[in-house]
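Asker:
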Amino acid sequence: MSTLAFALAATIRHDGHGGVADLLASPADAAAWLDQHDDLITQVLGRPLGGVDAHEELVQIRRAVRALFARAVEPGPPSKADADRLMDAEAAVRMVNRAADRLGTLQLEWPEDGPVTRWAGRTDDPVALLVGAVGRSTIDFLSGPDRARLRACPAARCVKYFLQDDPRQLWCSPKCGNRERVNRHYRRQQGR
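For the sequence shown, position 123 (counting from the first letter as 1) is numbered 127 according to this note's numbering, and the numbering increases by one without interruption.
(1) For Phe166, write down the residues that DSSP places opposite it in a beta bridge.
(2) How big is the Cα-Cα spacing for Leu146 and Gly118?
(3) Helix, strand or coil for His189, going by three-state DSSP, please let me know.
(4) Do you know whose CA, among Thr109, Ala104, Arg70 and Ala36, lies nearest Leu90's CA?
(5) For His59, does the three-state DSSP call read helix, strand or coil?
(6) So, is His21 buried or exposed, given that buried needs 16 or more other C-beta atoms within 10 angstroms?
(7) Taking only the alpha-carbon atoms, compute the straight-line gap between Arg75 and Pro82 and give it to the nearest angstrom.
(8) Who are Gly181's beta bridge partners in DSSP?
(9) Between the segment 135 to 152 and the segment 48 to 60, can you find at least three pairs of beta-carbon atoms closer than 8 Å?
(10) Specify, as a first and last residue, the run of the beta strand (DSSP E) that Leu110 falls within.
(11) CA-CA distance, Gly23 and Gln194?
(12) So is Tyr165 buried or exposed if we call it buried at 16+ other beta carbons inside 10 Å?
(13) Using CA coordinates, which residue listed in Glu61, His41, Ala29 and Pro79 is at the minimum distance from Leu154?
(14) Three-state secondary structure (DSSP) at Pro149?
(15) Which residue or residues does DSSP assign as beta-bridge partners of Ala124?
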């Protein structure tokens, strides 16, 4: 299951050339990411947001989300992208709680096809609603059952967090696992 918070944390990834790619590097990138994840936003808010300029706010709340993900994977190491520049965990908790508080309250609606819940916003500001949706999604994710499956990929050059599907799963993807096996083989050959 993908959540808005998990999708936002995944906007930091390996660029394929030994560096880190930021999928929110510019306002245009942030707008493209919002368009791609409109279904997750709608799931939380109960409605789409439309064209929102929230680049700076998304980058800030992402810092908090990734700091809390790093704390959740302890005692394992955090993502390599975060290891030397993590936001203080207490500050991250405060930021996520403030963001979720801006969202509003959960309300029940009962259309003919059955009951559904929807967040009733405390504001009409779409940026505040978006940041609040991320905050609420972070709280739900980190207080839910998926937190126990959260891992930071230990593969060289990988900076992703992933959900461990099997106890034997060590990497975020088969590609990272293959790269690590090749690296180990290479190191063994060099040691001879």
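Even for Gly, the Cβ is constructed at its ideal location relative to N, Cα and C.
Answerer: According to the data block:
(1) Arg155
(2) 28 Å
(3) helix
(4) Arg70
(5) helix
(6) exposed
(7) 8 Å
(8) None, per the DSSP bridge assignment.
(9) yes
(10) Gly108 to Glu113
(11) 24 Å
(12) buried
(13) Pro79
(14) helix
(15) Thr109
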